[in-house]
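For reference, the structure discussed in these notes is given below.
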Amino acid sequence: MSSPMPRPIRGGNGLTNSQRFGADSSKETGDEATSSYFDHSSAKRINTDSVFTLALKKQYPGLDLIVVPESQCNLLAFAAAGHATFDAIHDKGDVPSSLGLTIYLPPSRRMDGNKGQLGEEVVFGKFLYRWKSEEFVIYLVDGRDGDESYPQLKNYYILTANVYKAEQLVIATGSWASDLHDEVWVYDQGTFEKDRELWNSAQKSTWDAVILDSDMKEALINDHNSFFESRKTYKDLGVPWKRGLIYHGPPGNGKTISIKATMHMLADRTPTVPTVYVRSLESWMGPQYSLHIIFEKAREFAPCYLVFEDIDSLVTPDVRSYFLNEVDGLKQNDGIFIIASTNHLELLDPGISKRPSRFDRKYYFPDPNLDQREAYCRFWQRKLKPNKEIEFPDELCRAIAEITNKFSFAYIQEAFVATLLAIAGRSKAQPTESSEGAWILVSDDQSCEETQDEDNLDKLELWIEIRKQVKILREGMEDEIMHLHICLAAMETQQQLPYRGAPFPSKWRRNHPRSKNGCLTCRSKRKKCDEAKPVCTGCTRSKQECIWPTPNGDQADKQLGSHSEGVLESHNSIINTSSVSSLVPASHVTTVSSSIRVAPTYGNLAYLSDDSRPLYQQYLDTTADMLTRGPSECGNPFVNYLLPLAASNELVLDCVLAIGGAHLTVNNPTARGLEVATRCHYAKVLAGLQKLLSFEIGQVTPGMVEETTSTRSSQILLILQLLCIYDHIQGNTRGAIYLHLKASREYIATLTSPCQPYDELEYLRGFLLEMYTYHAMKLALSPRNMLREELVEIDPSVHSLDIFSGYKSRGCLLGFGQPLFEMVPQIHQLVEARRQEEKLGLGVSMALSEQYESLVANLEAFDAYGENSEGLRPRQERAGATMIYQNALIVYLHSAFHQDMLADVNLAKELEARIDKTMPAFFSLFVGDSPYRRMLLWPGVIMASCAQRREHIGGFRAGLVGKASQTPGAVKTGARIVDLLWKDPDPRAFGPRGLSYIMTKHDISFGLC
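Numbering of the sequence shown is given in my numbering, commencing with residue 16 and proceeding in unit increments.
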């Protein structure tokens, strides 16, 4: 509700002072306005404001009247602060001249027997008010009614012969009320309040009392002072006058006291720099509203010091985007110095901790070193100097500092406090004069003479007791560390536990009732068979022939009888888990994988934990099929190549489980246990990859990576590409996929080198090349968050897709439109060159314009049906997918060379026509369940960004979210970005440029793979 502004009611002018402040001196009935108030108050009231105003106008016809609410303009408080004076006016008559309430004011703290005090609340009063040689008659009236939803309870009625002076009084009083007076603005529980206690606490903190590295302390002081003194410098340089710092490090090492010392230093400046302190973001309107109010207050009082202590607990993921927009959004934050502190920098979003112009510098507050601990002990020495009963020589400072290694200042403080309390407790129990362990009572002169020898330290009560307290604290620290190690070990053990069956199982066994369906080899040895066909786990492990009974029961008995005399060694080829290693000939891959779907429990797969088995099953049943973008001669390489390799390579297995888990959890976010298992496997992948990279650069010996079977470039490239797939499935919006792709390029050169060294994973070469090419080309065309440097470079060796020729995996990802995809590197280089021109503020150069027109012409002339008609999928499917990409690439080029495509009427019509042309193909591929539908994310998002008609938007929305129960996270993110673009009223939110605008605005970074 907006409060009423001061309302002047005009009257006559030119009255003398005697006329100005009296009604009619001949009347002895008292003040008529006062009488009207009490008459009105004694009966049913409708509107005190109007009744009292009419009475005043009648009584003082020659004066102007201004009415202001007390909440905005407390005149009596203004006078009590020494800026004005007033006297109560007592009129004659039966009606009292004032009405007040005596109230009890409880103490803010009841220490030292404080009982509080009495105060007076004025309900009605009349005063002669003096300010700057001007006199006013004011009435303070408690109305308790009005014509608004929340009426003002108290108003001041100012009667004056000079309206200008009265208005200046209102301005001065209001300005004084809104200013800080030895206070700090503190936001807590949805409201701002002026906190004097925090201000007093800051006044006790100075930089002289802060123990830090001298260079760091000087840098902090200069950083603050130079900012508030450099407004003109910032303006001359054309950069926003704002700054942000992050204090981070273990708790108890000086972050808070440094903030308080800065508050004190800024309060002593002229003019004073106020502080806005954020205690919590909780409010009835939500944390986003709180952030809005906080930054509005900071902008109002700028230049100011805005403090977010423990920012990791204040700015949660739910409000991260809103916080970033307030810090570095469209609104001006000139003059605001933001300081944030955290004990856990790694918990902060990279958009906060790693993004300059939001928080420009980070200062680390480590545990104090020896000299700093000694300086802190000297602080306690000075503090205890008035107490003559405690001997604290200089040598003791160094001794205490040496035994408090790895202690924070907070821990050292606790050691001193606990020591002094223990000494004081014993002192009360036993008089110190007669006890050997009593306090040593000496004067300062005696202590200087008697403590020169270090041996005397052992006689000091303070030294004896503080060693005990330090030992107790250190044991507590070690207990915490031990507890952490136990928890980590328990988590690691839980991941390695076999399937729970027998009390002390060593292998995973299926928990099924006894049956006669097992193999004859296991039955003859009276061992339980897991019935995995064609070779059970028991026979695989023992390298014996696995013989199964025939459907005829009699024949089976004969087989068993003839086999019961002894189990012969197998001379036939069987699947041996020890031989299914990273070296698997391509000719045997399909044969091995035929048993995977039937019996996923051989090799490493036989020892999956309860938490990991659902992840594997998800990958096997759904995810692996979804990863292919087309058919190939080898079938599905994500099954036929990866799963045999995962059977013996734990790092690849962790990749498979992480991918399956990501797919499972992104569609079932409430399954917290599955999410934890997925993250554990993902962490193992990162740790294993780090070991591989360390071995490659010679930092470790091969013995340190025994759990991996290959340290060649092919395996590193495989893991990096699987991490790209993981990011796609998870829908990572922080741009991790760009980092994995950038690292992959370092190993592509080895893979495509004409001089090939021996490679155990040579049979995967075509598959690896196609995965890299697919990801590189898709990311090269993806709209990017312009706040991030995520440039993509496509290795020249894969510019021609003929490099896939001869590999049986060809077509699993790029199975159509070869001439189109071979144009992607040229399109990418042209678009990047145009972006660089725009950054420099240049128009389209002639050379780029010619390349643009040439590429568009080549794309227009391309015949989608002109490709080789031979293929594993119908020609109509391949032609439809090719036509979609053809039109999407043209739209992508148009967007790069037209900042506003809607400004060109002909281009806008062309865009609409292209959407009309591609919609049937989109629908056909999607409804027909073609594998090529999994290639539609990039062209679908590009074309959807240009959709304006309702039927087009509805069609794209149905395609993006139609099968949301099984879609990867990247599809969900793409659908979200398009939806944000459709809802954004900004004219920039259109086309591929609009996608970049939306991603930048909402700090989203991912690839449309």
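Every residue gets a Cβ at the ideal spot worked out from N, C-alpha and C, and that includes glycine. In this text the structure is predicted, and so the values were computed from the model without any measurement.
How should residue i be labelled, buried or exposed, when 16 other C-beta atoms within 10 angstroms of its C-beta is the threshold for buried?
i	result
Ser-729	buried
Glu-785	buried
Gln-633	buried
Asp-46	buried
Ile-186	exposed
Ser-663	buried
Pro-1007	buried
Tyr-778	buried
Leu-796	buried
Asn-237	exposed
Trp-299	exposed
Met-278	buried
Gly-943	exposed
Tyr-379	exposed
His-105	exposed
Tell me the rounded alpha-carbon separation between residue i and residue j.
i	j	result
Gly-974	Pro-383	59 Å
Glu-212	Ala-192	18 Å
Ala-201	Tyr-292	Per the sequence presented here, residue 201 reads as Val, with Ala not at that position. Each residue's alpha carbon lies about 5 Å from the other.
Lys-1016	Leu-668	38 Å
Ile-1019	Gly-746	11 Å
Val-342	Ser-372	9 Å
Ala-439	Ala-677	60 Å
His-239	Asp-228	17 Å
Ala-848	Glu-875	22 Å
His-971	Ala-686	In the sequence as presented, His is not what sits at residue 971; that position holds Phe. Going by the C-alpha atoms only, they are around 30 Å apart.
His-98	Lys-209	20 Å
Pro-401	Gly-688	59 Å
Leu-635	Gly-1009	38 Å
Val-334	Gln-303	6 Å
Leu-732	Tyr-753	14 Å
Phe-93	Ser-50	28 Å
Gln-387	Gly-269	11 Å
Phe-316	Asp-473	57 Å
Ser-759	Asp-742	15 Å
Leu-666	Glu-480	53 Å
His-909	Arg-850	13 Å
Ala-430	Gln-396	14 Å
Asp-915	Tyr-947	32 Å
Ser-960	Lys-854	23 Å
Leu-296	Leu-306	7 Å
Ile-272	Val-225	7 Å
Lys-543	Leu-623	19 Å
Glu-490	Phe-424	17 Å
Which first and last residues belong to the alpha helix (DSSP H) in which residue i is found?
i	result
Glu-212	211-218
Phe-539	Before going further, note that residue 539 is Ser rather than Phe in the sequence given. 535-539 is the extent of the alpha helix (DSSP H) around Ser-539.
Ala-313	302-315
Val-293	Counting along the chain, Val-293 falls outside any alpha helix (DSSP H), though it belongs to the beta strand (DSSP E) covering 290-293.
Pro-840	839-854
For the beta strand (DSSP E) holding residue i, just list the boundary residues, first then last.
i	result
Asn-170	169-175
His-263	257-263
Gln-132	132-146
Leu-120	114-120
Gln-153	Here residue 153 is Ile; the residue named in the question, Gln, does not match the sequence. Ile-153 -> beta strand (DSSP E) spans 149-157.
Cys-319	319-323
Return yes when at least one heavy atom of the ligand ADP lies under 6 Å from the C-beta of residue i, else no.
i	result
Gln-901	By its list of ligands, the structure shown contains no ligand whatsoever, and the ligand ADP lies outside what it can speak to.
Query raised in the report: Between the stretch 865-877 and the stretch 787-807, do three or more beta carbon pairs fall short of 8 Å?
Result: The stretch 865-877 vs the stretch 787-807: no contact.
Query raised in the report: Hey, which unbroken runs of the alpha helix (DSSP H) at 4 residues or more fall wholly within the stretch 342-410?
Result: For secondary structure counted as the alpha helix (DSSP H) over 4 or more consecutive residues, the stretch 342-410 holds these complete runs in sequence order: 365-368 and 385-399.
Requested in this report: Evaluate the contact criterion for the stretch 642-652 versus the stretch 822-832: three or more CB pairs, one atom per stretch, below 8 Å.
Outcome: Between the stretch 642-652 and the stretch 822-832 there are three or more inter-stretch CB-CB distances shorter than 8 Å, so the stretches are counted as touching.
Query - Length at least 4, wholly inside the stretch 869-922: the alpha helix (DSSP H) runs in chain order - result: Within the stretch 869-922, the alpha helix (DSSP H) runs of at least 4 residues that lie entirely inside it are, in chain order, 890-912.
Query - Touch test, the stretch 138-153 against the stretch 120-130, Cβ-Cβ under 8 Å, three pairs minimum - result: Look at the beta carbons and you see the stretch 138-153 not touching the stretch 120-130: under three pairs across the two are nearer than 8 Å.
Query raised in the report: Are the stretch 852-864 and the stretch 924-934 touching, with three or more C-beta to C-beta distances below 8 Å?
Result: The stretch 852-864, when compared against the stretch 924-934, does not touch it at the 8 Å Cβ threshold.
**Report entry** At least 3 beta-carbon pairs within less than 8 Å: the stretch 355-363 vs the stretch 319-331
**Finding:** Counting Cβ pairs under 8 Å, three or more are found: they touch.
Report task. Please go through the stretch 911-995 and give each complete alpha helix (DSSP H) segment of 4 or more residues, from N-terminal end onward. Result -> With a minimum length of 4 residues, the unbroken runs of alpha helix (DSSP H) contained wholly in the stretch 911-995 fall at 920-942, 952-959 and 965-976.
Requested in this report: State whether the stretch 243-252 contacts the stretch 360-371, with contact taken as three or more CB pairs (one from each stretch) at a distance under 8 Å.
Outcome: Too few Cβ pairs lie closer than 8 Å, so no.
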